[in-house]
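Numbering (the numbering used here), first residue to last: 12 to 228. From the three backbone atoms N, C-alpha and C, an ideal C-beta is built for every residue, glycine too. For clarity, every value in this text was computed on a predicted model and none was experimentally measured. One structure is given below, encoded as C-alpha cells.
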C-alpha cells in the first residue's frame with residue numbers, strides 16, 4: 012500500500028501520521044477488505060516502528076526519525092504491506108533461539124550467523140516478532156550477563172524472511188564504515204542456491220520482469 016500525504020504546516024512526522032494515516036488506510040482498502048479493516052488500529056508504537064523500518068519518505072528522501080520536523084510544504088509517502096502491518100506474525104514464522112552452532116565465524120568485531128528460513132533479519136513494523144538481530148543480541152548478552160545494557164549488534168545487510176543463509180553483524184560501531192565500504196565496493200562474493208522442484212538440468216537461467224534466478228544443482 013502506498014499513501015501520499017501533502018502537508019503545509021510545521022509538525023513532527025510521527026504526529027502527522029497519527030493524525031492522517033488511519034483515515035487514509037481506510038480509504039485505500041479495497042471494498043472486499045472493509046470488514047477486516049473497518050477500524051484500523053494504529054498505535055503510537057506502530058507508527059514509530061513504521062518510520063524506523065524505513066517505510067516513510069519525506070520529499071523523496073527516506074526518513075527514519077519519528078521526531079523529524081516537517082516545515083512548510085512537504086510530501087510524505089508511506090509505503091508498506093498492509094497485511095504485515097496489521098497482523099503481528101506470519102503463520103509460518105519460526106521460533107528461533109540462537110546457540111553456538113549457529114555461529115559460523117566470530118572475532119572481536121564481527122559475527123557471521125547462519126540465518127534459518129522464515130525468520131526476519133530485524134524487527135518489523137509489526138513488533139513483538141522473533142527476528143535474527145534480537146536473537147544475536149540475546150545470545151551475546153547471555154555470554155556477558157554482567158553488562159548493564161544490551162551489547163551492540165550492527166546490521167550490515169539483509170536476506171528475505173523466507174531465505175536461509177549467512178548474515179554478517181558487527182559487534183563494534185568503529186568497524187561499521189569499513190564493512191559498509193566493502194559492501195559498496197561489491198568486494199563480497201554472494202552465492203545464491205535455489206532448490207527447484209521438480210529437479211532441473213544443471214545450469215540455465217530463468218528470468219521475469221522483476222528478477223533473474225540462476226539455477227544451480
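Straight-line spacing of the CA atoms in residue 205 and residue 30 works out to 44 Å. Boundaries of the beta strand (DSSP E) around residue 117: 114–117.
In this structure residue 156 is exposed. Its beta-carbon is surrounded by fewer than 16 other beta-carbon atoms within 10 angstroms. Under DSSP, residue 19 shares a beta bridge with 84. Restricting attention to 33, 154, 22 and 39, the CA atom closest to the CA of residue 53 is found in 33. In the DSSP assignment, residue 126 falls within the unbroken beta strand (DSSP E) covering 121–126. Residues of the same chain with a CB within less than 7 Å of the CB of residue 55, apart from the 5 flanking positions on each side, are 29 in chain order. Residues 127, 130, 141, 143 and 146 of the same chain have their beta carbon placed closer than 8 Å to that of residue 107, with the five preceding and five following residues left out of the count.
With contacts defined as CB atoms closer than 8 Å, residue 78 and residue 35 fail to qualify as a contacting pair.
Under the DSSP assignment, residue 147 falls in the alpha helix (DSSP H) whose first and last residues are 143–154. Secondary structure of residue 56 (DSSP, three-state): helix.
It is roughly 27 Å from the alpha-carbon of residue 179 to the alpha-carbon of residue 90.
Between the segment 106–122 and the segment 180–200 there are three or more inter-stretch CB-CB distances shorter than 8 Å, so the stretches are counted as touching. Cβ-Cβ separation between residue 166 and residue 133: approximately 6 Å, consistent with a contact (criterion under 8 Å).
Judged by DSSP secondary structure, residue 36 falls within the alpha helix (DSSP H) whose first and last residues are 24–39. Cβ neighbours of residue 81 within its own chain (closer than 8 Å, five residues either side excluded): 18, 20, 21, 22, 23, 24, 27, 69 and 87. In the three-state DSSP reduction, residue 14 falls in the strand class (E or B).
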